[in-house]
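Quick mapping for you: the protein sequence lines, in order, are chains A and B.
Just so we're aligned, residue 1 is where the first sequence starts under my numbering, counting upward by one.
Just so we're aligned, residue 507 is where the second sequence starts under my numbering, counting upward by one.
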Amino acid sequence: MTEPLRHPDIDWAALAPVLTLLGTACFVLLVGVFLPRGVRRPFAAFFAAAGLVAAGIVSGILFALDDEATTLVRDSLARDRLAELGQIFVAGAGLLAVGVAYFESRGPRGDDPRVAEDDWRERVVEGYVLLLTAVAGMAFFVQANSLITLFLGLEWFSIALYVLCAINVHRIAALEAGLKYLIVGSFGSAILLFGSAFVYGGSGGLTFGEIAAGAADGERLFFAAGLAMILVGLAFKVSAAPFHMWTPDVYEGAPTPVTAFMSAATKIAALVLTLRLLLTAFPGEEELWTIAIAVIATISLAWGNIAALTQRSVKRLLAYSSVSHAGFLLMPIAAGNALGGRALLFYLVPYAALSIGSFAVVAARERELAADVTLDNLAGFGWERPFHAIAMAVFMFGFIGLPPAGLFLGKFYVFTAVYERGWTWLVIVGVVATVVSVAYYLAVVRAMYSGSAELRTAPAGGSPPRDWPLTTTVFGCLVLAVATLVVPDPLVDLARDSLAFLSFPF
Amino acid sequence: MDVAAWIALFSPAVGVAAITLLGHRITGAQAGILASGSVLVSFVASVVAFVTLAGRAEEDRSEVSTLWTWLSAGDLEVGLEVLVDPLSVFMMLVVSGVGFLILTYATGYMRGDAEERRYHAYKALFVFSMLLLVEGGNLLLLLAGWGMVGLSSYLLINFWHERPAAVAAGKKAFVMNAIGDATFVLALFVIVAQTGVLGFAPVFERAPEALGESTTLSVLVALGLLGGAVAKSAQIPLHTWLPDAMEGPTPVSALIHAATMVTAGVYLIARTAPLFELAPAIHDLAAILGGVTIVFAGLIALVQTDIKRVIAYSTMSQIGYMFLAAGLGAYGAGMFHLMTHAFFKALLFLAAGVVIHALAGEQDIRRMGGLGRELPWTTRFFVIGALALAAIPPFAGFFSKDAILASAANAGALGWILWTLGAIGAFLTALYTFRLVFVVFGPPITDFARDHLHRERFEGPLAMIWPVTVLALLSVVGGFLQVPGLWHLVDDWLHPVVESIEEAHGWVAWFSALVALGLALAGIALAWLLWGKRSDVPDRVRAGAPWLAAAPERKFWFDEAYDGLFAWPVRMVASGLGRFVERPLFLEPLGDLGTGMRGLSGRLGAVQTGGVRTYVLMLALGLAVLTVVFLAVS
């Protein structure tokens, strides 16, 4: 007698956010094809935004309902507040990216970016669908509770991003970025997969719980090697040095809205999952991974900040800034304490706002100049676009960790967490890195406000294109960044609630 | 009632925001209307609060209204809260009432200035700050208002920022005030450390226990608060900024540097009276500083030649009276003088403004003369202000100054010493005030005045004339709020907040009043003899005893002394440190460090070849190192 095929018991509610996003993506793709060109863009943008909001709300409802952590589909996916908070974060990042990607205005005809925009306008439905798909993949990824779902989610959102990077097929730089990201990213994924196999071999488990349980009697060497490889795979996604080499090229080459999205959402997803993975699957190796992550964070801080010093291209500069913030974001994980967990989840929100906001401002300038934005052609920006420039200045000060942005508190929490762990040296590294970062962040502010007289009076790209979705996004990022400083308590409480079910080694 | 207080507080802030955000979409005149309109709303709201408060029983005339709490640590809760009680409502009425009149005047005075909008925005910002100062429900908000009035004063003093003198004056005001702000903040630190609270009522409740009476702590607290008060109110020894502050537009001098901000020190002493009463020595010190300032500033005012500076020194001197009163515990008399002084000093400034306006910006009284025939109404207003300032009955200044002197006469030996200073001050006040009257308005007309005088209808724009008229009326009748022996409306009104000391009665009161009046009349008579008749005595004195005139003319060398004692050594030490410490030890090595970092950055950039090969190699290397280390450790 053959055993009947048993379906795993599926808790559909837990999958609702992912399914909402996927459903919206399908709807937009299918209906969008039949619409006349003129209405495609508002249609796709509206439904992408609606889908993201809906997914965020569903996650929020689940967050309110779930006061304890459960799993589904034979433990391979988690249903808990950490996952739901992560989903809210990535949906929020996606929503902001919708605004940046809308391209309300047409830039002046001429250079590369003209093609870039027209290309995007041609492929706007696909663009938003891919964005939704990427967010869906990330929403799935942060729920992952086994190595299989982890890899599945990772590939899911990565592939969407590879395509997004290269969506402007007429732009050589974009194609190059997409290809590079694909090749290096595949290599990273392969390492992660390889590591997963080792861990399976070393522990006999695939779900995080089984791995933790089986670690004691498995093969130590397999287990350690596997952990190292998984760490590398995730550090790659976070763009932590020395696994960050793709970051500047891809960030620079990809369309700026995509860069904005990637810089925030990928980090959110990868870091939330890293936290979950390390705490639930490798609780016994805490000495090993905390120190390894501390070292990676240190290298990221050093490399990112020093390399940023001589950048002229603002997108590259922000890419290195993103590398250095990968270091700051890994610090609380390295701390391995509950305070660190809270610090990480707090830090992510103002960081995402600053990152998306600053890339949005870059996008605005890019469209206006029809050229890549460098520190040199940022001259006069402060007088031509007072609002964007003030916002950019706030973002730059925010990245340094100065008020009025919430990263001020984020850094404070991060340093406190690391200090509580007893790693004063890492705090010193963080502070020194912050000091170095002042040089290049303020270089952006200086470039905007100290343009020479003739640059000040001659706006480079003619009259400014009005782009209300973009400006709204910048405003939203500004509000979010400042709000996290003014009223940090709600976010801190959310972070505390979502970590309640985890136990921290230190 | 608390709604009215909130409206009064935020209305000018809304005005500032509107003017700032509307930018070039409104004209300067419209900005002026917005500013004065928003302050009018404040005034109406203040009146509503006053009427509501007056309708209540005496013991519940104090209410704290909290919008939200923004700082909460243990016992310490600091919120955005206003305190509505007789003292704050009294100040609200003065600030918004006089403020409204002066802002209206300014719409005429500043008409056509290139940056009129900015001016009106600053002016409304000042009124908001001042209202925050007087309405703030805890010491932290009081400090916030305190700092913000300093800021708006700074912004307005150097409003004409293309004049180096104005910029220097602004800086001086800011620095001198910062000294006071610092001592104020230090006092707050002690208060928080000892009592753990910042709200007025809780602080006063816990202070006797937490600070003790005449202990080092209570003395430090009172001294810190006094430092703030002395700096803001331009009393010796932190007075040097006020005369220079006259570089600002005249309505600024009237509102900020005569009627309201500079009297904030008196308000502070009255508001924190329980803390001063814990340190009687410092309380007395406040009175003594006030008494000395009365005479000191009166002497300097005698020899100044700039019309606004004379009035500025007169302001210092009059605030000296208020300090004297507040320091002796005669809070009612001090606040009463604050109010009447706001009326007649604003009147004097605004009338002087009309003169300056009519003479195309000239402020030197030696070039003025004979304006009485040319500007008859302005002359009348100025004389009313002068009579009120010289404390001639029935003008307002008589009653308030008399109240102060009568209180001093009832305050023991120290009181009598200070009374003497006050009486001398009364003589000096009359003398310098009427010197101004006779020199500026008395005949004969100077050539300069004849050449430069330009008159408009009503001697000035209507917007300038009617506020002056209202102030003149107030200067005439304002004194009847408190008539010795009959009624004491101000004392009674403030009674729930502060308990004033008794005034002298009977023959002492009569003696005090008559002596002061006699001295004032003598001052006017002497002024008539010396300047009214254009006598050559002043010049002969100057020629015969140059030092006699030099001392007040050089303002008793305070500026020079401060420069030598503080500014010069600091500059020397700073330039020495810069040359011998900073450059070799920090600047050069750090410069090298910066260059080194950039070099390193360039080298890191070189790794970034753009080739996928390198990237994958890097990834593989990192992986290899990590794996090997992990394996080795395991």
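Note that CB positions come from ideal geometry on N, CA and C, so glycine has one too.
Here the structure is a predicted model, which is why all the values come from computation and not from measurement.
Which of helix, strand or coil DSSP assigns to D249/A
In this structure, D249/A counts as helix in the three-state DSSP scheme.
For the region 755–767 of chain B against the region 711–729 of chain B, do three or more pairs of beta-carbon atoms, one drawn from each stretch, fall closer than 8 Å, so that the two count as touching?
Result no; under three Cβ-Cβ pairs closer than 8 Å.
Near-chain B residues of the region 299–312 of chain A (beta-carbon distance less than 7 Å), N- to C-terminal order:
Shown in chain order are the members of the region 299–312 of chain A whose Cβ falls below 7 Å from a Cβ of chain B: W303, I306, A307, L309, T310.
Are the CB atoms of A627/B and A675/B nearer to each other than 8 Å?
With respect to A675/B, A627/B sits apart: the two C-beta atoms are not nearer than 8 Å.
For a minimum of 4 consecutive residues, which ranges assigned as the alpha helix (DSSP H) are wholly contained in the region 566–643 of chain B?
List check, alpha helix (DSSP H) in window: 592–615, 622–641.
Using a beta-carbon distance cut-off of less than 9 Å, what residues from the region 169–187 of chain A approach chain B?
Here the close residues are E176, L179, K180, I183, V184, F187.
How is G107/A classed by DSSP in three states: helix, strand or coil?
The predicted position of G107/A is uncertain, since its pLDDT is 48 and thus under 50; a value taken from the coordinates is nonetheless stated next. Three-state DSSP puts G107/A in coil, outside helix and strand.
Within 8 Å (strictly less), CB to CB, does M229/A reach chain B?
For M229/A, at least one C-beta of chain B is nearer than 8 Å to its own C-beta.
Cα-Cα, which of V550/B, G521/B, G876/B is closest to S544/B?
The shortest CA-to-CA distance from S544/B to any of V550/B, G521/B, G876/B is the one to G521/B.
Please compile the residues from chain A whose C-beta is within a distance smaller than 8 Å of the C-beta of F1136/B.
Simply A224, A225, L227, A228, L288, A292.
Kindly list the residues whose CB is nearer than 7 Å to the CB of L344/A, restricted to its own chain and excluding five residues on each side of it in sequence; keep chain order.
Around L344/A, the same chain offers L271, L275, L329, P332, I333 as residues with beta carbons nearer than 7 Å, after the five sequence neighbours per side are excluded.
Thinking C-alpha only, which one of F141/A, R79/A, L478/A is nearest M392/A?
For M392/A, the closest alpha carbon among the candidates F141/A, R79/A, L478/A is that of L478/A.
Look up T512/A in the DSSP assignment and give the residues it is bridged to.
One cannot answer for residue 512/A here, as it falls past the ends of chain A, which runs 1 to 506.
In whole angstroms, what is the alpha-carbon distance linking R468/B and A892/B?
Because chain B here runs from 507 to 1140, residue 468/B falls outside it and cannot be looked at.
Cα-Cα separation, A735/B to M1103/B:
Those two C-alpha atoms are separated by around 50 Å.
Mind listing the chain A neighbours of V1118/B? Cutoff is C-beta to C-beta under 7 Å, in chain order.
Scanning chain A for C-beta atoms nearer than 7 Å to the C-beta of V1118/B yields K180, I183, V184, reported in chain order.
Go to G202/A, then tell me how far its alpha helix (DSSP H) extends in each direction, as first and last residue.
Per DSSP, G202/A belongs to the alpha helix (DSSP H) from 172–203.
What are the boundary residues of the alpha helix (DSSP H) that P386/A is part of?
386–400 is the span of the alpha helix (DSSP H), which, as asked, contains P386/A.
Closer than 8 Å, CB to CB, is L586/B near chain A or not?
Taking Cβ atoms only, chain A never reaches closer than 8 Å to L586/B, which makes this a no.
If we define contact as Cβ-Cβ less than 8 Å, is Y1121/B a contact residue for chain A?
Output row for Y1121/B: interface = yes.
Compare the C-beta of W383/A against all C-beta atoms of chain B and say whether one is closer than 8 Å.
No, its Cβ sits nowhere closer than 8 Å to a Cβ of chain B.
Using 10 angstroms around the beta-carbon of C165/A, count the other beta-carbons present and answer buried if the total reaches 16, otherwise exposed.
Label assigned to C165/A: buried.
Count the other C-beta atoms from every protein chain shown that fall within 10 angstroms of the C-beta of A672/B, then say buried if there are 16 or more, exposed otherwise.
Its Cβ being crowded by 16 or more others within 10 Å, A672/B is buried.
Alpha carbon to alpha carbon, how far is T472/A from G99/A?
Spanning the two alpha carbons is a distance of roughly 7 Å.
Look at the alpha carbon of L1032/B and the alpha carbon of V640/B, and state the distance between them as a whole number of angstroms.
So the alpha carbons of these two residues sit roughly 40 Å apart.
Straight-line CA distance for L546/B to A978/B?
Spanning the two alpha carbons is a distance of roughly 19 Å.
Does the region 443–450 of chain A come into contact with the region 369–388 of chain A, if we say contact requires no fewer than three beta-carbon pairs (one atom in each stretch) closer than 8 Å?
Proximity of the region 443–450 of chain A to the region 369–388 of chain A meets the contact definition, three or more beta-carbon pairs being nearer than 8 Å.
Here's a check: name, in chain order, each residue in its chain whose Cβ is nearer than 8 Å to the Cβ of G561/B, leaving out the five neighbours to either side.
For G561/B, where only same-chain residues beyond five positions count, there are no Cβ hits under 8 Å.
Where the alpha helix (DSSP H) containing Q741/B begins and where it ends:
No alpha helix (DSSP H) contains Q741/B, which DSSP labels as neither H nor E.
Give me the DSSP bridge partner(s) of D870/B.
Paired residues: D812/B.
Under the three-state reduction of DSSP, which class applies to R114/A: helix, strand or coil?
Bear in mind that a pLDDT of 45 at R114/A, under 50, signals an unreliable position, so the model cannot answer this.
Can you give the Cα-Cα distance for E176/A and V1079/B, rounded to whole angstroms?
Computed Cα separation, rounded: 60 Å.
For G705/B, which of helix, strand or coil comes out of DSSP?
In this structure, G705/B counts as strand in the three-state DSSP scheme.
I'd like to know whether the C-beta atoms of G931/B and S823/B end up nearer to each other than 8 Å.
Yes, these two residues count as a Cβ contact at 8 Å.
How should G38/A be labelled, buried or exposed, when 16 other C-beta atoms within 10 angstroms of its C-beta is the threshold for buried?
Exposed.
Which class does Q311/A belong to by DSSP, given the choice of helix, strand or coil?
Coil.
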